[in-house]
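Reading through the structure tokens given below for one structure.
Protein chains: 2
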Amino acid sequence: MVSDTQNSTLTQKLADSGLRATSQREIVYQVLLDQRDHPSVDEVFSRAKALMPTISLATVYNCLDALVGCGLVKQVNFERDASRYCPNLQDHAHFHDDATGRIVDIDLPAEVLAKLRNLLPPGYEPGSIELNFRGRAAP
Amino acid sequence: MVSDTQNSTLTQKLADSGLRATSQREIVYQVLLDQRDHPSVDEVFSRAKALMPTISLATVYNCLDALVGCGLVKQVNFERDASRYCPNLQDHAHFHDDATGRIVDIDLPAEVLAKLRNLLPPGYEPGSIELNFRGRAAP
DNA sequence: CTATATGCAAATAGTTTGCCTGTTA
DNA sequence: TAACAGGCAAACTATTTGCATATAG
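Here the protein sequences come in this chain order: A and B.
Under our numbering, think of the first position of the first sequence as 1040, with each following residue one higher.
Under our numbering, think of the first position of the second sequence as 1040, with each following residue one higher.
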């Protein structure tokens, strides 16, 4: 369930980006918060349909774009795989377990983030940094 | 031009992965070495066609896969954009300049790479690490 | 009330596949 | 001369678009 606090954050954040709060966007956000397993668009779609049978796939794409656009959700891309979505707003990296396909959040301390920024030549301003690991996760 | 040394490296590396040296693979590799601007498949295709008019798009995909598979080339993915290819074998990150679309290699010192590895919980074995920046490059 | 969002279906982009022929080791 | 690779066209998947209707602010 989305709490009132989450809901007002959602409405607020959408409004900050000039976007409207719609029931579809609320549901898509709720789906991401409910099960933090980095679902693909199709997975979000089927979970959202369980809550609102009339929602369409195109709308799920639109809602996810809106949530990414207003900064509440991050889009996770591993190679050419379908995009996955993550409502974790803390700085973090992702680890893709090749054995299971699962994606795990990896904490990214500010100190390490600063080191990464320092790799850039002067004048380079990174708007976003994406750090992705692939391999075997602990059993 | 691909030097003899590069050519034997190519043949060698392909053989190491159980793959054959073909003129198409040589040309695709040469295209990547000639202009290190992280071309997309379509760009590689049109440059390769200039050298071998009969080469097909599917073959360019196959050749790039083979070169990535034998470790001579890296595949670079930014968000959902088409894959780009890079013959730089040193450890490095990529910076995507949002203004121009250009991708620049960023050196990734072993010391920083080690720090990134250390972010992982015990038992996590990263086969690959991808670090991508997006933003404004220096003018 | 009016701009914005939804739903549906069709379109697109990138990539993969199947099948038959050509080439490499 | 096998096994592997290339060429071509069709298939597929993820995502986007156009347009008519519905809804938020």
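Every residue, glycine too, gets a C-beta built ideally from N, C-alpha and C.
In chain A, what lies closer than 9 Å to residue i by C-beta?
i	result
Phe1172 (chain B)	Leu1155, Arg1156, Leu1158, Leu1159, Tyr1163, Pro1165, Gly1166, Ser1167, Ile1168 and Glu1169
Do residue j and residue i count as a contact pair if the criterion is CB distance below 8 Å?
i	j	result
Leu1159 (chain B)	Phe1172 (chain A)	yes
Leu1111 (chain B)	Tyr1163 (chain B)	no
Ala1176 (chain B)	Val1151 (chain B)	no
His1131 (chain B)	Phe1117 (chain B)	no
Ile1066 (chain A)	Ala1087 (chain A)	yes
Leu1147 (chain B)	Gly1108 (chain B)	no
Thr1050 (chain B)	Ala1060 (chain B)	yes
Leu1071 (chain A)	Pro1126 (chain A)	yes
Does the Cβ of residue i have 16 or more other Cβ atoms within 10 Å, making it buried, or fewer, making it exposed?
i	result
Arg1064 (chain B)	buried
Pro1165 (chain A)	buried
Ala1105 (chain B)	buried
Leu1155 (chain B)	buried
Leu1053 (chain A)	buried
Leu1128 (chain A)	exposed
Name the chain B residues that come within less than 8 Å of residue i, Cβ to Cβ?
i	result
Val1151 (chain A)	Lys1154, Leu1155 and Leu1158
Asn1046 (chain A)	Here the premise fails: no neighbours, minimum Cβ distance about 29 Å.
Leu1147 (chain A)	Leu1158
Phe1084 (chain A)	Residues of chain B passing the Cβ test: none, with the nearest at roughly 17 Å.
Below 7 Å on C-beta distance, what does residue i contact in chain A?
i	result
Ser1079 (chain B)	Simply none; closest approach about 13 Å.
Ala1132 (chain B)	Leu1158
Taking C-beta pairs closer than 9 Å, name the residues in chain B that residue i reaches, listed in chain order.
i	result
Glu1118 (chain A)	Gln1114, Asn1116, Ser1122 and Glu1169
Arg1175 (chain A)	Gly1162, Tyr1163, Glu1164, Pro1165 and Gly1166
Along chain A, in chain order, which residues have C-beta atoms closer than 8 Å to that of residue i?
i	result
Asp1137 (chain B)	Gly1166
Any heavy atom of the ligand MG within a distance shorter than 7 Å of the CB on residue i?
i	result
Ala1054 (chain B)	Looking at this structure, you won't find the ligand MG or any other ligand, since it has none at all.
The stretch 1066-1081 of chain A touching the stretch 1107-1122 of chain A, judged by at least three CB pairs closer than 8 Å: Touching, per the Cβ criterion.
Runs of beta strand (DSSP E) wholly within the stretch 1139-1173 of chain B (minimum 3 residues, chain order): 1142-1146
Could you tell me which uninterrupted beta strand (DSSP E) segments, each at least 3 residues in length, are contained entirely in the stretch 1103-1129 of chain A, listed from first to last along the chain? 1113-1115 and 1123-1125
At what residue ranges does the stretch 1046-1106 of chain A contain a whole run of the alpha helix (DSSP H), taking only runs of 4 or more? 1062-1073 and 1080-1090
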